[in-house]
Amino acid sequence: DTGVSQDPRHKITKRGQNVTFRCDPISEHNRLYWYRQTLGQGPEFLTYFQNEAQLEKSRLLSDRFSAERPKGSFSTLEIQRTEQGDSAMYLCASSLVPYNEQFFGPGTRLTVL
Amino acid sequence: GNSVTQMEGPVTLSEEAFLTINCTYTATGYPSLFWYVQYPGEGLQLLLKATKADDKGSNKGFEATYRKETTSFHLEKGSVQVSDSAVYFCALSRSGGSYIPTFGRGTSLIVHP
Chain Z
1 DTGVSQDPRH KITKRGQNVT FRCDPISEHN RLYWYRQTLG QGPEFLTYFQ
51 NEAQLEKSRL LSDRFSAERP KGSFSTLEIQ RTEQGDSAMY LCASSLVPYN
101 EQFFGPGTRL TVL
Chain U
114 GNSVTQMEGP VTLSEEAFLT INCTYTATGY PSLFWYVQYP GEGLQLLLKA
164 TKADDKGSNK GFEATYRKET TSFHLEKGSV QVSDSAVYFC ALSRSGGSYI
214 PTFGRGTSLI VHP
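Protein chains in written order, with the working numbering: chain Z, 1 to 113; chain U, 114 to 226.
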């Protein structure tokens, strides 16, 4: 399968714990995006990378959230000191400049107890 | 700022019925417009897109026309199938280089045999 993959697919954690998610984009894609999706809502942009550079962060991305893409390939999204309000589906997407079509992964569903 | 408004669901239809899902938008500049589909347990997939006024996007029997005068991008299909049951998201992307989309809340479509 050469699509976007995300790991894990589901994560249950206790409030206050740290969690890390991984996204592997389509191999030749140079842009990678993270989104958060809550029930009954569309995805909300969090941040994006072009190669290894993080070019934009949403105001939704509090200082407890950090994302990296160290070698311009896979990316990680870490949430520190999780809160119940962080419970959501975290989506990753990738694209190839100059095309604006984004290809989405299946998402990681986070539940904070 | 940019925003997308979709009709609320669920939309429930019988197989072979005609489908319309309304979408209107507010944007500065000249955005591109998209429809994405999300099947249960899967990530979003691009269904169709239009990049300028009066463009018609089409795919898998679905169509939508970019109407600048009414700021709309309604999704239509002449004859729906059970397999079309999914959540449909209307989105726009900013003009400029980041291509970050703004999504609507999604409309759930349920097609009965």
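Each residue gets a CB set at the ideal place from its N, CA and C atoms; glycine is no exception.
All values reported here derive from a predicted model rather than from experimental measurement.
DSSP three-state call for residue i: helix, strand or coil?
i, result
"residue 167 of chain U", "coil"
"residue 196 of chain U", "helix"
"residue 7 of chain Z", "strand"
"residue 17 of chain Z", "coil"
"residue 50 of chain Z", "strand"
"residue 24 of chain Z", "strand"
"residue 84 of chain Z", "helix"
"residue 173 of chain U", "coil"
"residue 151 of chain U", "strand"
"residue 97 of chain Z", "coil"
"residue 58 of chain Z", "coil"
"residue 44 of chain Z", "strand"
"residue 102 of chain Z", "coil"
"residue 134 of chain U", "strand"
"residue 91 of chain Z", "strand"
"residue 190 of chain U", "strand"
"residue 214 of chain U", "strand"
"residue 39 of chain Z", "coil"
"residue 183 of chain U", "coil"
"residue 31 of chain Z", "strand"
Please classify residue i: is it buried, with 16 or more other beta-carbons within 10 angstroms of its beta-carbon, or exposed?
i, result
"residue 94 of chain Z", "buried"
"residue 143 of chain U", "exposed"
"residue 91 of chain Z", "buried"
"residue 53 of chain Z", "exposed"
"residue 149 of chain U", "buried"
"residue 107 of chain Z", "buried"
Based on the DSSP output, what are the partners of residue i in its beta bridges?
i, result
"residue 223 of chain U", "U:125"
"residue 139 of chain U", "U:116"
"residue 113 of chain Z", "None, per the DSSP bridge assignment."
"residue 162 of chain U", "U:147"
Compile a chain-ordered list of the residues in the stretch 36 to 50 of chain Z whose CB is closer than 8 Å to at least one CB of chain U. 40, 41, 42, 43, 44, 45 and 48
Cβ-based contacts, 9 Å cut-off: residues of the stretch 144 to 173 of chain U near chain Z: 145, 147, 149, 151, 154, 155, 156, 157, 158, 159, 162 and 164
What residues in the stretch 48 to 73 of chain Z bring their beta carbon closer than 8 Å to a beta carbon of chain U? 48, 55 and 56
Give the residues from the stretch 187 to 209 of chain U that approach chain Z closer than 8 Å (Cβ to any Cβ), ordered along the chain. 202, 204 and 206
Can you give me, in chain order, the residues of the stretch 70 to 100 of chain Z that have a beta carbon less than 9 Å from any beta carbon in chain U? 91, 92, 93, 95, 97, 98, 99 and 100
When Cβ atoms are compared, which residues of the stretch 12 to 23 of chain Z fall closer than 7 Å to chain U? none
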